[in-house]
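K.L.:
Per our numbering, the very first residue in the sequence shown carries number 268; after that it's consecutive. Where a beta carbon is used, it is the ideal one built from N, C-alpha and C, also for glycine.
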Amino acid sequence: MNMITVVKNGRLNPDVRLWTGVSAIAVGALMGAEFLVQVFLVGARPALDDSEALKEFMAATANQTLFTILIDTFLMAALIVFISGFRQLITHTRPDLQWVANIMYGSGLLFIAVTLVGDAMEGGTALDTMGLTPDASSLRALTVGHTLMFGSIGCTLNALVAGSAAYLTLASDALPRWTGYIAYAVAGSNLLSVPTMFGGTSPDSFFAAGGAATAMLATFPWLVWVVCVGFVAIRDRRRLEHLPEHVRAQVA
């Protein structure tokens with residue numbers, strides 16, 4: 268599979284459509300792996316006001332939690348490639364939409380930064396139990412903090428990413444219009460998840476902050492959009508056999 272394309276000056280550059288697609292599929296695969304680890308290896312945490320159960324749970328799942336964070340770190344790296352490639356696809360087609368593309372790109376980078384800070388806080392709950400006497404108050408504070416980052420704060424930023432990406436898609440026709448409509452739906456579903464910050468922290472509540480409602484209304488719809496864009500970008504990439512003969516000769 269060729270991952271280069273040729274520009275007018277004859278230099279070889281990465282194929283932006285292919286790398287956008289590959290990174291999107293990587294985001295989907297890594298998020299799927301993270302979900303499986305979280306469900307089958309980490310499991311549901313106890314209530315935050317049950318200090319002893321909380322300390323035992325954090326100690327028992329420390330390595331699994333750190334493994335989840337490791338996966339998420341690579342996921343965020345792939346996401347940087349995806350939003351960079353998406354912006355390039357738009358601005359190459361419609362340079363006048365650069366400012367809207369910058370909103371999408373900037374909000375995407377901020378989402379990544381917020382997520383990594385949340386990962387660091389969650390990792391702190393694991394490290395606090397390794398060779399140390401767990402402090403229930405610290406575990407509780409770190410958990411509450413990263414819950415908001417992974418929940419309502421992240422949903423707000425994702426809504427901005429998806430909403431601006433939807434506008435860019437429909438205005439530029441750089442990608443199929445149906446992907447833009449999906450992005451608008453994703454933006455709306457993420458906004459619906461923002462009020463979960465008022466739902467408390469009970470692990471048994473569907474509408475708790477960072478709970479199941481966030482995953483179903485925000486995370487998974489957003490993942491569907493990313494993967495759809497990825498497959499479309501790969502399908503529509505500029506294939507080597509479609510390049511002019513003199514350009515193919517340069518590549519060879």
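1. Rounding to the nearest angstrom, what Cα-Cα distance links T423 and S456 in this structure?
2. Please classify G467 as buried or exposed, where buried requires at least 16 neighbouring CB atoms within 10 angstroms.
3. Could you tell me whether the segment 307 to 316 touches the segment 403 to 420, using the rule of 3 or more Cβ pairs below 8 Å?
4. Apart from the five residues on each side of it in sequence, which residues of its chain come closer than 7 Å, Cβ to Cβ, to R506?
5. Helix, strand or coil for P488? Go by DSSP, reduced to three states.
6. A433 and Y451 - do their beta-carbons sit closer together than 8 Å?
7. When you compare the CB positions of E301 and D339, do they come within less than 8 Å of one another, or not?
8. Go through its chain and collect everything with a Cβ distance to F465's Cβ below 7 Å, but skip five positions before and after it.
9. So I420 and V367 are in contact, right, with Cβ under 8 Å, and what is the actual spacing, rounded?
10. In whole angstroms, give me the CA-to-CA distance for V384 and V499.
11. Do you know how far the Cα of R502 is from the Cα of I271?
12. Below 8 Å on the Cβ atoms is my guess for V294 versus G375; work out the distance and round it to an integer in Å.
P.N.:
On the basis of the data shown:
1. Within the sequence shown, residue 423 is the residue found at index 156, counting from 1. Within the sequence shown, residue 456 is the residue found at index 189, counting from 1. Going by the C-alpha atoms only, they are around 10 Å apart.
2. As a working note, residue 467 is residue 200 in the sequence shown. Exposed, by the Cβ-count rule.
3. yes
4. On the sequence shown, residue 506 is found 239 positions in, with the first residue counted as 1. Residue placement at R506 is flagged as unreliable, the pLDDT there being 49, under the threshold of 50; the coordinate-derived value follows with that caveat. Cβ neighbours of R506 beyond the five flanking positions: none.
5. Your numbering for residue 488 matches position 221 in the sequence shown. Here P488 sits in helix by DSSP.
6. Locating residue 451 in the sequence shown gives position 184, counting from the first residue. Locating residue 433 in the sequence shown gives position 166, counting from the first residue. A contact, by the Cβ cut-off of 8 Å.
7. The count along the sequence shown starts at 1 and reaches residue 301 at position 34. The count along the sequence shown starts at 1 and reaches residue 339 at position 72. Against a cut-off of 8 Å, the Cβ pair of D339 and E301 comes out as a contact.
8. Taking the sequence shown and counting its residues from 1, the one referred to as residue 465 is at position 198. The answer is none, since no qualifying residue turns up.
9. Walking along the sequence shown from the start, residue 420 turns up at place 153. Walking along the sequence shown from the start, residue 367 turns up at place 100. Incorrect: roughly 22 Å between the Cβ atoms, too far for contact.
10. Here the question's residue 384 lines up with position 117 in the sequence shown. Here the question's residue 499 lines up with position 232 in the sequence shown. Their Cα atoms are separated by approximately 31 Å.
11. As a position in the sequence shown, residue 271 is number 4, starting the count at 1. As a position in the sequence shown, residue 502 is number 235, starting the count at 1. Because the pLDDT at I271 is just 49, under 50, the model does not fix this residue reliably, and the point stays unresolved.
12. Residue 294 sits at position 27 when you count from the first residue of the sequence shown. Residue 375 sits at position 108 when you count from the first residue of the sequence shown. About 11 Å separates the two Cβ atoms, so there is no contact after all.
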